[in-house]
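Sequential numbering from 0 applies to the sequence shown in numbering that gives the first Met the number 0.
A virtual CB, placed ideally from N, CA and C, is assigned to each residue, including glycine.
Please read all numbers here as calculations on a predicted model, not as lab measurements.
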Amino acid sequence: MKVAYLSQNVTFEQSIEKINQITELLKISDISEITHKHEGIIFEQTNLDTVDLINLREQFPEMKMTMIATVLNETLINVCHGNNITVIQDTVSSNEFMKMILLDWFGIEKRRMDYNTVFSISGTHSQVGVTQLALCLASELSSLNLKVGVLGLNQYNAGDIPDKETDYSFDSLYASIENGIFEKEYQRDKNKLKSLMLELDGFYYLVGNRDRKFASEQFYKVDAIQKLIEIAKQEFDIVLLDLGSIYDTASVVAGLKCSTTHLLVATQQDISAKNFKQIRNQILKELGYTENQFQLIINKHSVNAAYTARLLTDHLGIPLVGKIPYVPGAEDIEIAHGIIASEAGKAFNKAIHTIARSITTSLVEGEMPKLKKKSLFSFMGAK
Numbered sequence: 000m001k002v003a004y005l006s007q008n009v010t011f012e013q014s015i016e017k018i019n020q021i022t023e024l025l026k027i028s029d030i031s032e033i034t035h036k037h038e039g040i041i042f043e044q045t046n047l048d049t050v051d052l053i054n055l056r057e058q059f060p061e062m063k064m065t066m067i068a069t070v071l072n073e074t075l076i077n078v079c080h081g082n083n084i085t086v087i088q089d090t091v092s093s094n095e096f097m098k099m100i101l102l103d104w105f106g107i108e109k110r111r112m113d114y115n116t117v118f119s120i121s122g123t124h125s126q127v128g129v130t131q132l133a134l135c136l137a138s139e140l141s142s143l144n145l146k147v148g149v150l151g152l153n154q155y156n157a158g159d160i161p162d163k164e165t166d167y168s169f170d171s172l173y174a175s176i177e178n179g180i181f182e183k184e185y186q187r188d189k190n191k192l193k194s195l196m197l198e199l200d201g202f203y204y205l206v207g208n209r210d211r212k213f214a215s216e217q218f219y220k221v222d223a224i225q226k227l228i229e230i231a232k233q234e235f236d237i238v239l240l241d242l243g244s245i246y247d248t249a250s251v252v253a254g255l256k257c258s259t260t261h262l263l264v265a266t267q268q269d270i271s272a273k274n275f276k277q278i279r280n281q282i283l284k285e286l287g288y289t290e291n292q293f294q295l296i297i298n299k300h301s302v303n304a305a306y307t308a309r310l311l312t313d314h315l316g317i318p319l320v321g322k323i324p325y326v327p328g329a330e331d332i333e334i335a336h337g338i339i340a341s342e343a344g345k346a347f348n349k350a351i352h353t354i355a356r357s358i359t360t361s362l363v364e365g366e367m368p369k370l371k372k373k374s375l376f377s378f379m380g381a382k
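Here it is, written out as structure tokens:
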């Protein structure tokens, strides 16, 4: 294997030269020198952010990659994992460095992961695609032998699925949740919530609020919504919260409070940047949230848009974890199939797959069901 090496760490370089699988180590001075003749790249973190890493993976989809990190945060780790980039701290010994390359590059042993089970998904403005993203991610995650539930907590858009009728929705269950009746029923029947949800493509979905007057009259309370999330957390391995794009609601307050990963969906439009700035200043700061507590997903991505991924992330101040390509006729697909992933094409599903990998970095083996043999790596062409 021919490997490019972009680092001043001589001891790491010497340890790599001891790996028999690496036949040629080629020192480079800049990331731009990487070409398709290289089968692997080991590089230092210097001046690289999440946009750079995602672009690097897109340019070289099959290349083995390892980043020598000096300063790490949760989002950077998630993006590296989602894009199959090994991260090794610069403080480890040269012997440990060599062992980690052997393990992660040559498949000697699977990486162990922790897991946080509740993920909130919200948007910068209406019709940005929050509900479809939640459903597509749920479909992807459920294919891994995980029990996945999506809670529609959007108070202004129910998110009904065409041709999938159900008598139950967030508003229809709310009163029994608030007065404690639902919790008592759940204690008698641990599948109570699941039995009232739509089953879609291997996961379960509770439709959001259908009664708009409840939203406008501030009918919903944070404590009651938290109870619903807690029940869902016990019933499912993974819970995705569809919070919508209107932030002055009890659902958003409860959803952000009861999740550890906050995904923000945006588009390459000026409205995304302007709306989020207003949301940040008027609501999120008051709730105690800052930009670095969110992770950005660009929906309907186009390489020809004036607002590039770089410009948008710089403007919002939020690290990027994924770009979902524009799908022509997405609305027609949604009407015909409900979940657009089934007909959206390879590029769309690869993006969903990469985001799923990114947000599930912390899965701990032994605490969750054993994954099916067709793992998250399958979409990437790994064996």
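Residue j beta carbon less than 7 Å from that of residue i
{"i": "glycine 207", "j": "phenylalanine 169", "result": "yes"}
{"i": "isoleucine 245", "j": "tyrosine 185", "result": "no"}
{"i": "serine 121", "j": "aspartate 200", "result": "no"}
{"i": "aspartate 236", "j": "leucine 132", "result": "no"}
{"i": "serine 250", "j": "leucine 262", "result": "no"}
{"i": "asparagine 59", "j": "leucine 5", "result": "Per the sequence shown, the amino acid found at residue 59 is phenylalanine instead of asparagine. Not closer than 7 Å, so no."}
{"i": "alanine 343", "j": "leucine 136", "result": "no"}
{"i": "glycine 39", "j": "lysine 17", "result": "no"}
{"i": "valine 320", "j": "glutamine 294", "result": "yes"}
{"i": "valine 147", "j": "phenylalanine 202", "result": "yes"}
{"i": "leucine 240", "j": "leucine 140", "result": "no"}
{"i": "leucine 192", "j": "isoleucine 230", "result": "yes"}
{"i": "leucine 134", "j": "isoleucine 332", "result": "no"}
{"i": "isoleucine 67", "j": "aspartate 89", "result": "yes"}
{"i": "threonine 74", "j": "glutamine 44", "result": "no"}
{"i": "serine 258", "j": "serine 119", "result": "yes"}
Buried or exposed (CB count within 10 angstroms, at least 16 for buried), residue i
{"i": "lysine 322", "result": "buried"}
{"i": "alanine 253", "result": "buried"}
{"i": "isoleucine 317", "result": "buried"}
{"i": "threonine 65", "result": "buried"}
{"i": "glutamine 13", "result": "exposed"}
{"i": "glutamate 95", "result": "exposed"}
{"i": "valine 2", "result": "buried"}
{"i": "threonine 260", "result": "buried"}
{"i": "threonine 10", "result": "exposed"}
{"i": "glutamine 233", "result": "exposed"}
{"i": "valine 302", "result": "exposed"}
{"i": "asparagine 190", "result": "exposed"}
{"i": "asparagine 46", "result": "exposed"}
Three-way DSSP call (helix, strand, coil) for residue i in this model
{"i": "phenylalanine 218", "result": "coil"}
{"i": "isoleucine 67", "result": "strand"}
{"i": "valine 363", "result": "At valine 363, the pLDDT of 38 sits below 50, so the modelled position is not reliable and the matter cannot be decided from this model."}
{"i": "leucine 195", "result": "coil"}
{"i": "aspartate 241", "result": "strand"}
{"i": "lysine 345", "result": "helix"}
{"i": "tyrosine 155", "result": "coil"}
{"i": "glutamate 43", "result": "strand"}
{"i": "tyrosine 246", "result": "coil"}
{"i": "valine 252", "result": "helix"}
{"i": "phenylalanine 202", "result": "strand"}
{"i": "glutamate 229", "result": "helix"}
{"i": "leucine 394", "result": "Nothing in the structure corresponds to residue 394, since the chain is present only between 0 and 382."}
{"i": "glutamate 23", "result": "strand"}
{"i": "tyrosine 4", "result": "strand"}
{"i": "isoleucine 15", "result": "helix"}
{"i": "threonine 10", "result": "helix"}
Backbone CA spacing between residue i and residue j [nearest angstrom]
{"i": "leucine 143", "j": "serine 92", "result": "35 Å"}
{"i": "tryptophan 104", "j": "threonine 266", "result": "35 Å"}
{"i": "alanine 308", "j": "isoleucine 180", "result": "47 Å"}
{"i": "tyrosine 325", "j": "aspartate 222", "result": "38 Å"}
{"i": "lysine 256", "j": "histidine 37", "result": "45 Å"}
{"i": "leucine 310", "j": "valine 86", "result": "26 Å"}
{"i": "serine 271", "j": "threonine 123", "result": "5 Å"}
{"i": "leucine 150", "j": "tyrosine 173", "result": "12 Å"}
{"i": "methionine 0", "j": "isoleucine 358", "result": "30 Å"}
{"i": "glutamate 164", "j": "leucine 71", "result": "46 Å"}
{"i": "valine 117", "j": "alanine 157", "result": "20 Å"}
{"i": "arginine 56", "j": "asparagine 82", "result": "6 Å"}
{"i": "glutamate 290", "j": "arginine 279", "result": "8 Å"}
{"i": "aspartate 313", "j": "aspartate 48", "result": "11 Å"}
{"i": "lysine 226", "j": "lysine 183", "result": "12 Å"}
{"i": "phenylalanine 218", "j": "tyrosine 167", "result": "18 Å"}
{"i": "asparagine 298", "j": "asparagine 77", "result": "19 Å"}
{"i": "isoleucine 21", "j": "isoleucine 15", "result": "8 Å"}
{"i": "glutamine 7", "j": "isoleucine 27", "result": "10 Å"}
{"i": "aspartate 113", "j": "aspartate 188", "result": "Residue placement at aspartate 113 is poorly supported in this model, since its pLDDT is 31, which falls under 50; the coordinates still yield a value, given next. Rounded to whole angstroms, aspartate 113 to aspartate 188 spans 29 Å at the Cα level."}
Check: residue i C-beta below 6 Å from any heavy atom of the ligand NAP
{"i": "threonine 10", "result": "In the structure on display, the ligand NAP does not appear, and there are no ligands present to speak of."}
Of all the beta strand (DSSP E) runs that stay within the bounds of the segment 72–139, which reach a length of 3 or more residues? Taken in chain order, the complete beta strand (DSSP E) segments of 3 residues or longer contained in the segment 72–139 are 84–88 and 117–122.
Ignoring anything shorter than 3 residues, give me the beta strand (DSSP E) runs that lie fully in the segment 256–342, in order along the chain. Complete beta strand (DSSP E) runs here, min 3: 260–265, 293–300 and 319–324.
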